[in-house]
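Data first, discussion second: the structure below is written as structure tokens.
There are 2 protein chains.
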Amino acid sequence: MNCLVGQSGGPTAVINSSLAGVIQAGIDLNYDGIFLSLNGIEGIINKNIKKVDKDLFEKNFGKDRLKKRPSSILGSCRYKLPEDLDDEVYGKIFENFKTYKIDTFVYIGGNDSMDTVMKLNAYIEKNKIDWINVVGCPKTIDNDLCEMDHSPGFGSAAKFVNSVLRQVRLDCDIYPIKSITFVEIMGRNAGWLTATSYLSNYKRDKDVVNLLYLPEDEKSLDQIKEEIKEKLKEDNNLVVAVSEGFMDKDSLLENEKQKSFDKGFNHPIIAGIGQKISDYIHKELEIKTRCVELNIVQRTSFLISKTDSDEAFELGYLALKEGKVKTNIVPFLKREENNPYKVSYSTTNPANIANKEKKIPKEWLANRKVLEEKMIEYALPLVQGQIDQEYSDGIFDYIKLEDFAK
Amino acid sequence: MNCLVGQSGGPTAVINSSLAGVIQAGIDLNYDGIFLSLNGIEGIINKNIKKVDKDLFEKNFGKDRLKKRPSSILGSCRYKLPEDLDDEVYGKIFENFKTYKIDTFVYIGGNDSMDTVMKLNAYIEKNKIDWINVVGCPKTIDNDLCEMDHSPGFGSAAKFVNSVLRQVRLDCDIYPIKSITFVEIMGRNAGWLTATSYLSNYKRDKDVVNLLYLPEDEKSLDQIKEEIKEKLKEDNNLVVAVSEGFMDKDSLLENEKQKSFDKGFNHPIIAGIGQKISDYIHKELEIKTRCVELNIVQRTSFLISKTDSDEAFELGYLALKEGKVKTNIVPFLKREENNPYKVSYSTTNPANIANKEKKIPKEWLANRKVLEEKMIEYALPLVQGQIDQEYSDGIFDYIKLEDFAK
């Protein structure tokens, strides 16, 4: 009895916590072989597969060390399975599942990866296959997965973003001259991660972040300019959080069509809006502006929320445990209580997640005061606790695949 | 008997460790009043001055908490004192020194700030003033201060840069396609900080950083392209460290003259070269490229080297201790031994530091193998140990001025 696990899509700080959960469940459920597919579904197609050495995993503290290791240790892919279930690639995948005697395949990923889980299950159903279950396990820093209270990876990204915003504020405040620092934050077409910026203001006398712009906003460049002018009456140095997916109402800052390398799921490459607003405001207000793009480090940060990591682990564990008996499911988090914070775990159909995007609820966007209250209530529990990191010779270090797999 | 301390120039992660050292020395040496000048020399000119509350400082763990708090807590300035010692501003400064009964003034800063220390001492000498000593305390992440083995602030910046480079590498490696990630690193006209990138490769089977470009290099765009093509034969995903001060030999990537806001010392604003090389290589090699600009967080990171912090503290302590009896000096670090690492402290004249830049020695730049060996020997001891950070409600938090001064 063997299981297989793969990781797909963009990395998060806790995607390996979910992997640790799957492996631990594999050990606890007495799987003979726990196999690892490298570069997502491509590893199965190309037989690029490793096997967990359970003794090494325990000896090298694999469970704890995987929880500290950001970014997909198994690699990733953006491979989109064909719509046509008769395509030969499906035959190849299931043949390789059979070769490795896989009875459960867990795919850790976001909304694109759930498309893969969905299609593999369509193939299973169509061909009446009864010897394998294929299940998903959610992840994304964007928090745009439907069905669930929040996505694993989001809490750590929020913890990192807000901690960096406070560092940026410390830098901004040193000169007694007017300045605006724009901080561009990830999140694709959803403003979740940028909206967590309110956490940096929590219990502060003075705001760390003064303004924020979300993909959900409809604001013209003139409105932005006026809002900034208004805030400059209160504070010399402004910090403005800008979501990478924000665009001014009139699309005046629209990018020239950038050559996208993200071919698989055809997402646009969205980055650079922060610098554009920065340039615009500099020109309009003749004031010092700059843009800090948080860039890829926000999704692979070594600053990891313990709450997020623990939840990601549980979801991975549950994915294999439930996947042992059922196919076509994805475990997810429900929030039971907020005070004290308590979650429960449930499962859903990957079709409810695949290729969909969850945006910030309209009611939350009624005004900024409402949004601030809602976001603090919603996101604060997700950033609690931190994982002690590893260092060797003074530099951040991490577990390697060879430390627990062959 | 009162002392005064100010911070100037760009922030570092340990500039407050030096401040903590000055305050602790002020307490130990029984100064009646320990005064703090806000926004550097401007605080003295405008009487924008606070006083340390010694009881609060002890009660709120000021010494330990200042060591964790990146970026100049007293604020900064880029005010350049006039060359003409008869300018009225000097009279105003010394009048205010007198008002506050200051007998020692410690100015924590880089090569520009040592210009201030030098000029105040020229005024002291010219006017035969015998009731005040003015001394400097070094800091800069650029490591470009002459006379000293290394500058406080450099070690923490190197620790941060190299830890982030490893995170960037984890992100780069997830896709099995060719890609190049350029990482732009600070350091002004000196390549020190970028050259520390070799630390990220220390004891690795596979390089984290594949190539690096320093202001000291003379390389054409063609050479860069060829070096990258060569490295792509070994590795699918390259990480290339680019110093913000690098320029191709033929200046083909030269910036249009950017409107500089750094009026004080007339430094050019140097940033953006990483993106330009990234665009160039993308066009030439038709390969996925991106640029991560580490930006301001590398100088105000909450990831702090304990070695760096301890040394910065000692220098601050020494500045006041020596400044109590002598004027016109700056304490600095000498390396006594490397194995085990051991430093001693000495003092020098600010004129040896002011307005000068220390570059990487020519011999070290003979070839990359030599540079790597030299940089590991030189910089590795400086990144050892880390300071446990503060968090409140899950987000990075820090001491405030009100916690120890009024």
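So the sequences go chain by chain: R and C. Residues in the first sequence are numbered consecutively from 1, following UniProt numbering. Residues in the second sequence are numbered consecutively from 1, following UniProt numbering. Ideal Cβ placement from N, Cα and C applies to all residues, glycine included. In this text the structure is predicted, and so the values were computed from the model without any measurement.
Residues in the same chain with beta-carbon distance under 7 angstroms from residue i, minus the five sequence neighbours each way, listed in chain order, please.
i: Gln24(R); result: Lys63, Tyr317
i: Asn2(R); result: Tyr31, Asp32, Gly33, Phe35, Tyr100, Lys101, Ile102, Asp103
i: Leu232(R); result: Lys178, Leu238
i: Asp235(C); result: Asn210
i: Leu145(C); result: Gly110, Asn111, Pro138, Ser151, Ile353, Lys358
i: residue 407(C); result: Because chain C here runs from 1 to 406, residue 407(C) falls outside it and cannot be looked at.
i: Ile376(C); result: Tyr198, Leu199, Tyr202
Between which residues of its own chain and residue i is the CB-CB distance below 6 angstroms, once the five residues before and five after are set aside?
i: Ser71(C); result: Pro11, Thr300
i: Gly385(R); result: Lys306, Thr307
i: Lys288(C); result: Ser179
i: Arg335(R); result: Asp149, Val343
Go ahead and label residue i buried or exposed: buried means 16 or more other beta carbons lie within 10 angstroms of its beta carbon, across all protein chains shown.
i: Gly91(C); result: exposed
i: Asn127(C); result: exposed
i: Arg204(C); result: exposed
i: Lys257(C); result: Any reading at Lys257(C) is ruled out, since the residue's pLDDT is 46, under 50, leaving its predicted position unreliable.
i: residue 451(R); result: Within the shown structure, residues of chain R are numbered from 1 to 406, placing residue 451(R) beyond reach of any answer.
i: residue 420(C); result: The question about residue 420(C) has no answer, for chain C in this structure spans 1 to 406.
i: Lys249(C); result: exposed
i: Glu226(R); result: exposed
Can you name the residues that DSSP bridges to residue i?
i: Phe105(C); result: Leu4(C), Val134(C)
i: Ile185(R); result: Ser243(R)
i: Glu390(C); result: Asp397(C)
i: Val330(C); result: Thr348(C)
i: Asn338(R); result: Tyr341(R)
i: Ile34(R); result: Cys3(R)
i: Ile113(R); result: Note on residue identity: the sequence assigns Ser, not Ile, to residue 113(R). Paired residue(s): none; Ser113(R) is not in a bridge.
i: Tyr213(C); result: Val242(C)
i: Ser200(R); result: None; Ser200(R) has no bridge partner.
i: Ser50(C); result: Note that residue 50(C) corresponds to Lys in the displayed sequence, not to Ser. DSSP lists Leu36(C) as partners of Lys50(C).
i: Ala405(R); result: Val52(R)
i: Glu293(C); result: Glu184(C)
i: Ser305(C); result: Gln386(C)
i: Ser179(C); result: Asn237(C), Lys288(C)
Looking only at C-alpha atoms, which of the options sits nearest to residue i?
i: Phe97(C); options: Ile45(C), Tyr378(C), Glu216(C); result: Ile45(C)
i: Asn338(C); options: Leu320(C), Thr348(C), Pro381(C); result: Pro381(C)
i: Asp173(R); options: Pro176(C), Gln389(C), Ile73(C); result: Ile73(C)
i: Ile387(C); options: Ala13(C), Gly9(C), Gln7(C); result: Ala13(C)
i: Tyr280(C); options: Ser156(C), Glu95(C), Glu254(C), Leu145(C); result: Glu254(C)
i: Ala351(C); options: Gly110(C), Lys51(C), Leu221(C); result: Gly110(C)
i: Glu88(R); options: Ile395(R), Leu120(R), Ser76(R), Cys291(R); result: Leu120(R)
i: Ile399(C); options: Val5(C), Gly9(C), Tyr213(C), Asn16(C); result: Asn16(C)
i: Glu314(C); options: Thr347(C), Gln298(C), Leu221(C); result: Thr347(C)
i: Gly187(R); options: Leu320(R), Arg290(R), Gln275(R), Ile296(R); result: Ile296(R)
Closest Cβ-Cβ distance between residue i and chain R: below 8 angstroms?
i: Arg166(C); result: yes
i: Gln384(C); result: yes
i: Cys77(C); result: yes
i: Lys233(C); result: no
i: Leu293(C); result: Checking the sequence, you will find Glu at residue 293(C) rather than Leu. Output row for Glu293(C): interface = yes.
i: Tyr202(C); result: yes
i: Ala20(C); result: no
i: Ile395(C); result: yes
i: Leu170(C); result: yes
i: Ile174(C); result: yes
i: Ile41(C); result: no
i: Phe261(C); result: In this prediction, Phe261(C) has a pLDDT of 40, which is less than 50 and means its spatial position is unreliable; what the coordinates show is noted afterwards. So yes, Phe261(C) belongs to the interface.
i: Val325(C); result: no
Quick one: residues in its chain with C-beta nearer than 8 angstroms to the C-beta of residue i, no 5 flanking neighbours on either side, listed in chain order?
i: Leu165(C); result: Val183, Ser197, Ser200, Val208, Val209, Val239, Ala241
i: Ile129(C); result: Phe94, Tyr123
i: Gly75(C); result: Gln7, Leu38, Asn39, Gly40, Gly43
Would a check of beta-carbon distances place residue i closer than 8 angstroms to chain C?
i: Glu372(R); result: no
i: Leu36(R); result: no
i: residue 415(R); result: Any question about residue 415(R) goes unanswered here, given that chain R covers just 1 to 406.
i: Ser346(R); result: no
i: Leu253(R); result: no
i: Asp115(R); result: no
i: Leu238(R); result: no
i: Tyr280(R); result: no
i: Tyr213(R); result: no
i: Lys257(R); result: For Lys257(R), the pLDDT reaches just 46, beneath the cut-off of 50, and the residue's location in the model is therefore unreliable, although a value from the coordinates is still provided. It does not: the Cβ of Lys257(R) has no partner Cβ on chain C nearer than 8 angstroms.
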